[in-house]
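Chains as they are written, first to last, in this note's numbering: chain A, 3 to 293; chain B, 1217 to 1536; chain C, 7 to 388. Cβ coordinates follow ideal geometry from the N, Cα and C atoms, glycine included.
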Amino acid sequence: MLDQLIQFLITGITVGAAYALVGLGFAIIYNASDVVNFAQGEFVMIGAMSAISLIDMGIPYGVALAAAVAITVCVGLALEKFAIEQARDATVVSTIIITIGASIFLRGMALIVWGKDIYAMPPFSGEKPIHVGNATMLPQNIWVMAGTAASVLLVRYFFNRTATGKAILACSYNMKAASLVGINVRKMLLISYGLSAGLGALAGILIAPITYITYDSGVMLGLKGFSAAILGGMGNPMGAVAGGMLLGLLECIGAGFISSGYKDAIAFVVILMVLFFRPGGLFGSAQAERV
Amino acid sequence: MRLAGFYLFAALVALLPVVFPDNYYVTVVGVTAFFNIMLAVGLNLLMGYAGQISLGHAAFFGIGAYVSAVTTVRYGWNPWVAMAAGLVLVWLIANLIARPILRLKGHYLAMATLGFGIIIHIVLVQADAFTGGPDGLSGIPGLVLFGWHVDSDLRWYVVAGAVMLLYVWLSLNIIDSREGRALRAVHGSEVAASTLGIDISGTKVRVFVLSALMASLTGSLFAHQQAFVSPDSFSFFFSIELVTMVVLGGLASTFGAVFGAVILTFLPEFLVVFEDFQMLIYGAILMLIMIFLPRGLFVTMADRIGPMFAGYFRQGIRET
Amino acid sequence: MKVLKLFLTVIFILLFNMSPLVPIVHASGIIKIGSFLALTGPASFLGDPELKTLKMYIDQINSQGGVLGKKLELVYYDTAGHAKSAKDIVKRLIQKDRVDVIIGGSTSGTSLAVIDIVQARKIPFISLAGSIKIVQPVKKWVFKTPHTDRMAAAKIFEDMKKRHITRIALITGNGGFDKSGRAQCLDLAPRYGIKIVADESYGNADTDMTTQLTKIRATDAQAILNFGFGKAPAIVAKNVKQLGIRLPLYESHGVASKKFIALAGDAAEGIRLPAAALLVADKLPDSDPQKKVLLGYRNMYEAKYGPVSTFGGHAYDALFITVGAIRRAGCLDKAKIRDEIEKTKGFVGTGGIFNMSPEDHLGLGLDAFKMLEIRNGTWELI
């Protein structure tokens, strides 16, 4: 029983780490621009797909991964520049449709570039299982956990310690005031989209060796990432990380002890319950409505 | 003249099958468009007028459809009884979840409705002993209306068209009623509305339930028209498509919702020629419309062509 | 008001007269084959080789003079695996494109959804999907070429029985193929004296199945049976290896492609699955009547598109059964074509040797399936 539980936890944390990274991307963009970017899942897919293609072309592993992140960052920047920035005055619902449109567009693009094939990515360092008691994990599980932890710490450092990070936070509190004190709001928006896209790509690269990637893999991950961000409390990046981990664990515990067929339903029921009792998410501040 | 736009629209709907009989776009895609209009008009009451986003509207559509399908196929119920049962069930569920869900705002509300939609979809897939699972349920009997069998595409055009026009008429009237004014006030500012003595949460709950019931009835009709239901018609993708219809046409305009539903029903029909490029083009069109016409196609058009539309279709467009 | 009416009239006339794929007038010199396939979405790995096969052989038949002196024309649309789209498309094929026969329905869901329409409109339809429900009970106008999921389950259980396996763990996805296969397994198992001690499920988009497999590991199962297709079975195979589970793993015919072996890598070794003989064509004895057809199809497909899968083969079988029936009917009368399809006897296809009858609209026996084991990255007959 204990071995089973440990195995569920390992799986839950790995799956949750991926959700956390995607959720973190949601939270960063939401913070900077009040936009929920439903194309976040597509960043994950583009990151993984680019990496796999570059590796196939014979480019060294590490270079390929870095280049894949760079490509995805460019896609993120382009999305901000050509779609979000053009629609500055759009309402919340309009921006939702714009980002949904963007996600369909990017998926369409991936379909043309990569076709409908299923792609596999070689793991970072071997496939020899590591034993933890009777439970096992792959080296890649550790990469996912470590990669997520490192990115989360870096993001934290960026927002709390660097001038640019603080400037982005200032934009999220009050855009007008931020621009009055001399912050280039447009540049900060660009940086947040780039950062989110980069985190998405990283998530894709980390999990691609465990699972497989197709042009439409981003849909499910985007959905889970959004759930993670909401569960943690939108606009609280660390909340999104916690939300992601929790979601991953919920799914695995639900599948392990209740029903594997209903595991996603169980996770969503829990999210609904949380929202009913804490309408601002677990770690979100209570919302005040502007009059 | 208040409903001139409505009469013009009704005349168009009535004339189409006369001018183009047995035309695929009229009797097949047209009926699909009618169902989408019904759903979009109902959702628009909730989103456009009460300002409450819902990313799970397909769930109520699905519950209605599946109650009709399961009770008629597995238990041999009369379709009309089944339809009523669907409405009762949806009424119960909507009332149960309306208050806690509608306390949420913005993206939290989006998440909660999305989650609800996904839970219902999972139940439809997993409870295969009842629902037939992902392969769906076939052999749903057709409707009989006073001895008149609704069994051809053309007859379904008449029935679905009539119900659709009823929905549009209802929506136009609700907006102009006392309740409609309360709704719009709630959307403008909840605080201001409550100081005017409007029962905000009551108003929101009523419109949520109404819009759910409209979806459920549409679902029942859909099940009987298709003679077959499967969960993929009620997935969260479809919920999102419904929201897109409402927003694309123009939020808070009944005819905007109608327009958006028609456009999104026909667009894929014309995009099929592009094969692999279909998705790319579809996404690009959505983005472009929302970037350049953020208030929606129909509303912007109505404003541009202003004088001509004034008094006919403008009725029901919220002043902003 | 007048301007408005004019405007709307113009829009609608434009809208309703646009007919993108086919001319409005039905040219009499051609035979129209309508098709609806899952070309995008999770089942696109079925629709894709099916479409390629249909296109390739229709070109070949046309270059050899066509059928009854008429050229074949393929009219096809993408269902993305959605039942609702399939219904609309089939109506479009019948009503707008006025096709003579319909071949298609990559997934069971889309095939089952259109049965009412083809029955009502009386048009011959050959499905390319697996579920036994498509042809049982027999529907007058509906045929199919792929082996059923019930046959796959039976073949697997036969093999298990030989190995004295009596307790198995079942793990399936949440798609139509998976669910239907699961139902057949649960139904058939007792007849082979097999007890299902675990019945787990996963989402087809899931990234990890170790949780379900951990539960299975804790049971006393002697083998694991995974009914699924796409990437999920490859993840299952990898997770089984990762967890160090040493039980025999059985897969369904849903993974009968090189892609599965490429994805699962080492983890695919030792997996057993039932599949059409196409995969092991060159290992068949020369006396096997299917060998020539199989090699012919495989070589032609691989020369043009790359690795062959059994799914495209189902389209090959359906196309040539149709063409044979039209030739025998000698005209394009739908009822006659239907009768001739039903009389198909001894047709050597990629799926096996078809002998249809009024009671059997598939016409394949259990021997059409071969039991294969994956060894050294390829299939071996057992």
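Look at the region 172-230 of chain C and you find these whole runs of beta strand (DSSP E), each 3 residues long or longer: 173-178 and 201-207. The region 27-42 of chain A makes contact with the region 88-104 of chain A: 3 or more CB pairs, one atom from each, lie closer than 8 Å.
DSSP lists H133/A as the bridge partner or partners of T138/A. With respect to chain A, the C-beta atom of Q228/C has no partner C-beta closer than 8 Å.
Apart from the 5 residues on each side of it in sequence, F1486/B has no Cβ closer than 6 Å to any other Cβ in its chain. Counting C-beta atoms within 10 angstroms of its own C-beta, A1473/B has 16 or more neighbours from the protein chains shown and is therefore classed as buried. Relative to the Cα of A148/A, the nearest Cα in the group A199/A, L204/A, G117/A and R163/A belongs to L204/A. Just measuring C-alpha positions, the residue of L231/C, W147/C, P196/C and T213/C sitting nearest V17/A is T213/C. Scanning W147/C, D339/C, P143/C and G75/C for the CA closest to the CA of V120/C turns up W147/C. Taking C-beta atoms as the reference points, I177/C and V261/C fail to come closer than 8 Å. Boundaries of the alpha helix (DSSP H) harbouring H1323/B: G1322 to Q1342, taken from the DSSP string. Of all residues in the region 100-121 of chain A, only I100, I102, G103, A104, S105, I106, F107, L108, R109, G110, M111, L113 and I114 come within less than 8 Å of chain B when Cβ atoms are compared, listed by chain position. DSSP, reduced to helix, strand and coil, places T316/C within a helical segment of the structure shown. With a 10 Å radius around the Cβ and a threshold of 16 neighbouring Cβ atoms, T1411/B comes out exposed. About 27 Å separates the Cβ atoms of I54/A and S194/A, ruling out a contact at the 8 Å cut-off. Setting aside the 5 residues that flank it on each side, M1461/B is surrounded in the same chain by N1252, A1256, A1473, G1476, A1477 and L1480, each with a C-beta closer than 7 Å to its C-beta; the list follows chain order. Under a criterion of Cβ atoms nearer than 9 Å, no residue of chain A is adjacent to D1392/B; the nearest Cβ is some 23 Å distant.
Annotation: the continuous alpha helix (DSSP H) that includes E44/A extends over Q42 to D58.
In this structure A175/C is in contact with I230/C, their Cβ atoms being roughly 5 Å apart against a cut-off of 8 Å. When only Cα atoms are considered, K226/A and Y217/A end up about 17 Å apart. Assignment of L255/C by DSSP, reduced to helix, strand and coil, places it in the strand class. Rounded to whole angstroms, W145/A and A137/A show a C-alpha spacing of 17 Å. Contact note: D54/C reaches chain A through K118, using a C-beta cutoff of 7 Å and chain order. Chain-order list of chain B residues neighbouring F160/A: empty, with the shortest C-beta distance near 23 Å, by a criterion of under 9 Å. Against S207/C, the close residues of chain A are S262 and G263, in the order they occur along the chain (beta-carbon pairs closer than 7 Å). With a 10 Å radius around the Cβ and a threshold of 16 neighbouring Cβ atoms, L57/C comes out buried. The contact set of K97/C on chain B, defined by CB atoms closer than 8 Å, consists of Y1240, V1244 and D1369 in chain order. Only E206, S207, Y208, G209, A211, T213, D214 and T216 from the region 192-216 of chain C bring a Cβ to less than 7 Å from some Cβ of chain A. The CB of S1449/B comes closer than 8 Å to the CB of H88, A89 and K90 in chain C, given here in chain order.
Residue environment for F1508/B: exposed (fewer than 16 other C-beta atoms within 10 angstroms of its C-beta). Residue contact with chain A for F1475/B: absent (no Cβ-Cβ distance below 8 Å to any residue of chain A).
Bounds of the beta strand (DSSP E) holding W385/C are T384 to L387. For V1360/B, the pairing in a beta bridge is given by DSSP as H1365/B.
According to the DSSP assignment, G25/A belongs to the alpha helix (DSSP H) that extends over L4 to S35. Secondary structure note for P1316/B: its alpha helix (DSSP H) is the uninterrupted segment P1295 to L1318.
S229/A is positioned such that its CB atom lies closer than 8 Å to that of L249/A.
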